[in-house]
Amino acid sequence: MANEFSDLANELLRRMAADQHARGVRQDGRASPDGEAMLAVDADNTAWLASVFDRHGWPGHTLVGEEAANAAWLLAQHADANPALQQRALELLTAAVDSEDATPRQLAYLTDRCQVNHSLPQTFGTQYTTGPGGELTPYPIENVDQLDERRARAGMEPHAEYDAVMRRTCS
């Protein structure tokens with residue numbers, strides 16, 4: 000059985016590498032994405048991830064290790080074309096966080112991603128878009144006055160620090 004989980008971990012890492020390659024992620028954190036490649040990789044990864052969920056539930060760090068569990072989270076983050084699967088991932092990830100098999104930070108990002116994809120205000124301020132003038136701006140955030148408290152509970156830095164990093168790496 001251990002070999003099956005080792006194979007699963009290796010496949011998660013391989014798929015994460017393909018995801019990041021299609022997004023053109025470089026060592027300095029900047030990216031030059033290939034939109035067509037991203038769509039193809041995301042579609043393939045999303046279909047495969049559904050089969051992983053069917054067989055194993057959330058592939059948390061006790062099953063596949065921290066790096067591969069992070070890869071599973073990244074693939075779920077990028078499953079935007081399949082909102083039902085992304086919502087299923089959110090439910091599975093919530094249970095994994097409750098059992099300490101995934102991180103609250105991962106849950107915060109996927110929560111925001113699902114909220115934005117359903118045209119709802121985000122909770123943790125992790126998702127950004129390009130505004131009409133070409134400036135990077137966060138999607139709407141609920142209860143902004145309590146944002147840093149929510150972020151701290153999820154093990155995240157204050158939003159001002161995150162915002163500075165986003166503007167430095169994404170513009």
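Under numbering that gives the first Met the number 0, think of the first position of the sequence shown as 0, with each following residue one higher. Cβ atoms here follow ideal geometry from the backbone N, Cα and C, with glycine treated the same way.
- Beta-carbon to beta-carbon, Gln86 and Asp79 are separated by about 12 Å, too far to satisfy the 8 Å threshold.
- Between Ala107 and Thr125, the CB-CB gap stays under 9 Å.
- Under DSSP, Pro103 forms no beta bridge with any residue.
- Annotated three-state conformation of Pro120 is coil, per DSSP.
- Beta-bridge pairing by DSSP links Pro137 to Tyr127.
- Taking the C-beta atoms as reference points, Ala95 is found nearer than 9 Å to Trp57.
- Counting along the chain, the unbroken alpha helix (DSSP H) around Asp97 starts and ends at Pro82 to Asp97.
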